[in-house]
Every structure is written in C-alpha cells, then in structure tokens.
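Participant: Below is one structure. I have some questions about it.
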Ligand SMILES: Cc1cc2nc3c(=O)[nH]c(=O)nc-3n(C[C@H](O)[C@H](O)[C@H](O)COP(=O)(O)OP(=O)(O)OC[C@H]3O[C@@H](n4cnc5c(N)ncnc54)[C@H](O)[C@@H]3O)c2cc1C
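Residue numbers (our numbering): 5 to 564.
As structure tokens, this is what we get:
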C-alpha cells in the first residue's frame, strides 16, 4: 500500500489515558495520527487517582504539568495502620528526591487527566473520533486495516501503517494480533466510593488499613468534601462477565470500611460508587508486526501502589518517538521491536511488585492475616525509621527507578564518567542557575544533545563548541542542543551559564578527567548515549541510528 493510499499513518484504538497521550505524542513527533473511541462521551469515572512523579515529568515536558497541579491535590505520605493503630509509612519528604520537581504523589481524577489530554490533543489539531468501535483488524506487508462500527451499526474502514491498541484490558487489537494475555483474578473483591468522609483522622494522607482479612484504603482527593474509600467486600461475589456490577449501597461500604479501619466513619454525598475486582494479566508480546499494545491492553494488575495508568502513559512515551523515527526519518523498523524489549520487562516487574504488595496487604485471611498484622505492628515502626526505606519506596512508586540500561539502543562512548546517569537511565532534574533547571531545558518531547563543560570556556572556545552543536542540529533537526558551561566572562550568548557545581555533580562532570561530557537525551527523558570529551563525530554517528537506516554494525561503530 503506498503512503497516498493510507487514511493516516497511525491509528490509535481507544481514548483512555494511554490512547490520548499516545496520539498526542505521535502528533508531536510529526506523525499523521487518528484516534477512535467506542464511547460516545468522555468518561466521568474518577478511576485512577494517583499520578506519579514520572507522569508529571512527562506532562511537564508537554507543557501540561501546571494544569495537572492546578486540578489536583498533592500528598506526601502513605500511612499504614494495623487494627486501628498507626504503625509507620512512606513519606516522600524523607525520600530526599531533589532530582524531580514533583517529590510527591498528585491526586487527580482520571477524568480530569483525560480532559487535559483531550484539550491538548484538540489544540494540536486531532479530535477524538467518538462512537466508533474497532471490530476487525487486519495487517499484511503493505499496511493495516481497521473496520469500525458506529452507533447506528454502519461500518467504515481506516487504512494505516500501524495500529496502537490502547483499548484496555479486553483489547480487540490484542485479540486480532493473537497475543496471549495470561494471568488470573485476585480472590478479593472491593467496595469503592468517591464521597465525603467524616472521621477522626485528617484528609491529607493516603492511608492503608489492615485488620485481619479486611483491608481499607483512604485517598485524599479534595479536602474534607471528597475522598476515595475502598474496603474489602466479604459478602458478595463479582461476575466478571456481567456488563454492570451489582448495585452498591453506601451503608454497605461504610460498614465494611469501619470494620477495616477500627474507627467510626460517616460516608455521605457519593459521586461514584462501585464494586471492583483486581486482575493480574500480561500480554506475551507488546508488538505483532504492525500492531502495538500499550496500557491496560498490555498489562493489568492490582491497584496497589497506584501504577496502572502511570505505566500506560510511560508505554506511550516510549513508543511514540520510535514510531515517529521510523515514519518520519526512515529509521530501521528494528527500532520498533525495541518498544517490546524495553517496556515488557517493566510490565512484568510491575505485576510482580504490585502483586506482592497486594497479597501482603489485602490477600491474607485466618492465621496468616493474624501473623501479617503482628509482623506489621512489630517491624514497620522500625523499618520506616530508616531514610533508605523512603528513598527506595518513593523511587519505585514514582517510577523514577525504571532503567533501560540493557537496551540495544543505548550506549556509551569510548570513555564516560563513573558518576551521573548511565546510558538507559532517566536523566535527572537539577538546578542549572537561578533561572533555569534541567527539565525546563529538556522540555518538548524531543532529542536533546547537552554538552557540559566544567572547565571555564573563553568566548572563542564556547563559540567553536556552539558551531559544532549547530552543525549537528542542522543535520538532525529532530534534536535540540545546549552547552552548559562555566564561562570565563560570566555571560556568554553561546552557552547556558551554570552558577554552581550542582548540575555538573549531578551529571558526573568532575573537575579532573571528566570535565567535558556530552549527553544525548531521548524524548522520553532517558539517556540514549554519553561520553567524556567533546567528540561530536561520535555523537553524530550515534544520532544517525535514529535518523537513518542504522545496522547493528553501525551501532557497534558508534559505541566504539
Ligand atoms: C475502579 C477502578 C479504580 C482504579 N484505580 C486506579 C488507581 O487508583 N491508580 C491507577 O493507576 N490505576 C487505577 N485503575 C486502573 C486505571 O484506571 C487503568 O490502568 C487505566 O484506565 C488504563 O488506561 P488505558 O487507557 O490503558 O485503558 P482504559 O482506560 O481502559 O481505556 C481504553 C479505552 O478504549 C476504549 N475501547 C475499548 N475497546 C475499543 C474498541 N474496540 N474500539 C474503540 N474503542 C475501544 C474504551 O472505551 C476505553 O475508553 C483503576 C481502575 C478501576 C476500574
């Protein structure tokens, strides 16, 4: 199929959070994208509330973080209670995380996150095409075709080069690609409401309550007027095949919640009440030819740790620039396999960690639950005293610890600093000078070449470096370039003046052997490549990988 025979280059199926951000980032990557959604209207369900630091960092790069913050509530602590007694918890203030501008968890309804993305997408010129259900999907060597059915039952087709299946846990894209989705269902059911809570505790902290086989959750949403409460449902079962769950009365939830928290609580003014059952399933592949899976279509798991939506958004951030590189700049199709290679291990790790957390907190009964309560009461107060607990906990929950250091598409030059983010690791934020920090500089979901010189540069020297950087960005217009340096004259239009050592220390630019270092940072904010010294030819060779038909041999040369 020639390009002119296509209705668009990429079709995104599903306008949940994953599909919306995928379409947005594809558009920003210069791809001709369409997005279809079977629901006639945007969701009003609050669903995912916990927005993690990595998601906010991505939103900042898209210029949307301020809107998220203006519509959410930040929480800095997850407090654990056993049989009504506070036993410890994770505090993000104690995690010492200066590398992110968002050292907290933002509570914002999924419907709000989706609204912000829908508006941004529209501003980019892409409207969600609603009331269109993808029913059949085919692919061959020339392209892919989706058959769509509208509300009236009429069908139409869209021809495209690739399809992104962001169509949730019952994905038709996954089915059409014949990708296995194995796993199971947790035995526990939950009752859930977004409502007003009158109780003796405050409305600022995320709280987990354990009491034998009962578990309760409290999430702060909008001060004392609106909170999310969940409690184990010990009285009814859920039919996974039923189109709507059994109706739920708020008094039933209030009773279950009070029994799990061992405190009096009055629930009222519900805006959303439902029964909820968690599943754990993983797609065996994230790519099958022209079909890709992202978000819940690729992985579903327990709500422990608030990771579901956040992980879907990072899937999309990983995939969009790769599709852009292949479609716009003729990068090798192999780069698209790298989406599976990098994200599938993340999905697997997520299932393991959220599964363990969920089983420990909510999956016990009988003597095991009594031992869990006793162990939590004894050990949590001790363990949570150590700063390491908070650092590690927040590192995992915020998704800042995710690394692609084993990826084939990242590399280091012949020499590199022993400190600073390694190839495949997330580029950290740090203050550069009084007016600018690193994430402001890297904004815009694009590649960035960042040259650091801790060695003071004369204006002549900085001019020469700037010329070399300009030659690179002239050749690779998809990348931005920056020179961060100490300058001999204080101000130099060729470079960004660093007025302290922080930015150099953070990126491993020391004052002796590694005093000049170059980093190439990907649109999703991971280090693609770095080396000691200003060898811009080596950087050019590596960049070609993302701009032309790179082969394994070329990658080898770039790495040398
Ligand atoms: C009750 C509840 C509470 C939750 N709480 C949390 C939480 O606190 N934290 C958290 O991180 N996660 C939570 N989650 C999970 C979170 O909501 C999901 O991880 C997230 O919605 C996944 O986004 P997605 O875009 O991948 O899929 P979805 O949100 O499922 O979106 C998929 C979209 O595709 C559309 N679609 C499906 N099939 C087709 C088709 N054939 N054609 C066209 N369109 C189609 C659907 O209508 C839907 O809009 C919760 C989920 C539930 C149900």
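Ideal placement from N, C-alpha and C gives every residue a C-beta, glycine not left out.
1) Can you tell me which of the three DSSP states residue 564 falls into?
2) Please indicate yes or no: does the CB of residue 99 lie closer than 7 Å to some heavy atom of ligand 1?
3) Ligand 1 heavy atoms versus the CB of residue 171: any closer than 7 Å?
4) With respect to the beta strand (DSSP E) encompassing residue 271, which residues constitute its N-terminal and C-terminal limits?
5) Who are the near neighbours of residue 348 in its chain, counting only those whose CB is closer than 7 Å to its CB and skipping five residues on each side?
6) Would you call the CB atoms of residue 1 and residue 177 closer than 8 Å?
7) Considering only their Cβ atoms, is the gap separating residue 365 from residue 212 smaller than 8 Å?
8) Exposed or buried, what is residue 386 when buried is set at 16 or more other beta-carbons lying within 10 Å of its beta-carbon?
9) Is any heavy atom of ligand 1 found at a distance shorter than 7 Å from the C-beta of residue 311?
10) Is residue 397 close to ligand 2? I mean its beta-carbon at under 7 Å from any heavy atom of the ligand.
11) Have a look at residue 107 and residue 508 and give me their C-alpha separation to the nearest angstrom.
12) Whole angstroms is fine: what's the gap from residue 397's alpha carbon to residue 439's?
13) Which same chain residues, not among the five before or five after residue 504, have their C-beta less than 8 Å away from its C-beta?
14) To test your reading of the DSSP string, which unbroken alpha helix (DSSP H) runs of 4 or more residues are found completely within the region 32-66?
15) Taking the C-alpha atoms as reference points, what is the distance between residue 400 and residue 308?
16) With DSSP as the reference, label residue 137 as helix, strand or coil.
17) Apart from the five residues on each side of it in sequence, which residues of its chain come closer than 7 Å, Cβ to Cβ, to residue 317?
18) Determine the burial state of residue 448: buried for a count of at least 16 other Cβ atoms within 10 Å of its Cβ, exposed for fewer.
19) If contact is defined by three or more beta carbon pairs under 8 Å, each pair taking one atom from either stretch, is the region 519-533 in contact with the region 322-329?
20) Which residues in the same chain have their Cβ closer than 6 Å to the Cβ of residue 38, if we skip the five residues on either side of it in sequence?
21) Tell me, which residues are paired with residue 531 by DSSP?
22) When you measure from the CB of residue 536 to every non-hydrogen atom of ligand 1, does any distance come out below 7 Å?
23) Would you check if there are 3 or more beta carbon pairs closer than 8 Å linking the region 261-274 to the region 79-90?
24) My output table needs one value for residue 394: the three-state DSSP class, helix, strand or coil.
25) Based on Cα-Cα distance, which residue from 497, 493, 446 and 481 lies nearest to residue 467?
26) If you compare alpha carbons, which of 462, 458, 480 and 254 is closest to residue 452?
27) Quick check on DSSP: helix, strand or coil for residue 330?
28) Look up residue 117 in the DSSP assignment and say whether it is helix, strand or coil.
29) Find the nearest neighbour of residue 198 within the set 187, 228, 354 and 28, judged by alpha-carbon distance.
30) List in chain order: all unbroken beta strand (DSSP E) runs of 3+ residues lying wholly within the region 422-452.
31) Helix, strand or coil: which one does DSSP assign to residue 482?
32) Using 8 Å for Cβ pairs, my map puts residue 79 next to residue 122. What's the rounded Cβ distance?
33) Is it right to say residue 392 is buried, meaning 16 or more other beta carbons lie within 10 angstroms of its own, or is it exposed?
34) Does DSSP classify residue 472 as helix, strand or coil?
35) Using CA coordinates, which residue listed in 18, 195 and 129 is at the minimum distance from residue 150?
36) Please classify residue 252: does DSSP put it in a helix, a strand, or coil?
Facilitator: On the basis of the supplied data:
1) With a pLDDT of only 44 at residue 564, under 50, the local geometry of the prediction cannot be trusted, and the value read off the model is given with reservation. The answer is coil: DSSP assigns residue 564 none of H, G, I, E or B.
2) No, Cβ of residue 99 sits at least 7 Å from all heavy atoms of ligand 1.
3) yes
4) For residue 271, the enclosing beta strand (DSSP E) covers residues 270-287.
5) 290
6) Outside the shown range of the chain, which is 5 to 564, sits residue 1, and nothing can be said about it.
7) Taking the C-beta atoms as reference points, residue 365 is found nearer than 8 Å to residue 212.
8) exposed
9) yes
10) As presented, the structure is devoid of ligand 2, carrying ligand 1 as its sole ligands.
11) Our two residues, residue 107 and residue 508, have alpha carbons roughly 22 Å apart in a direct line.
12) 31 Å
13) Non-local beta-carbon contacts of residue 504 in its own chain, meaning distances under 8 Å to residues more than five positions away in sequence, involve 435 and 437 in chain order.
14) 57-65
15) In this structure, the alpha-carbon of residue 400 lies about 12 Å from that of residue 308.
16) strand
17) 21, 22, 25, 59 and 62
18) exposed
19) yes
20) 12 and 15
21) 525
22) no
23) yes
24) helix
25) 497
26) 480
27) helix
28) helix
29) 228
30) Segments of the beta strand (DSSP E) lying fully in the region 422-452: 435-437.
31) coil
32) 25 Å between Cβ atoms; not a contact.
33) Per the 10 Å Cβ criterion, exposed.
34) Three-state DSSP puts residue 472 in a helix.
35) 18
36) Annotated three-state conformation of residue 252 is coil, per DSSP.
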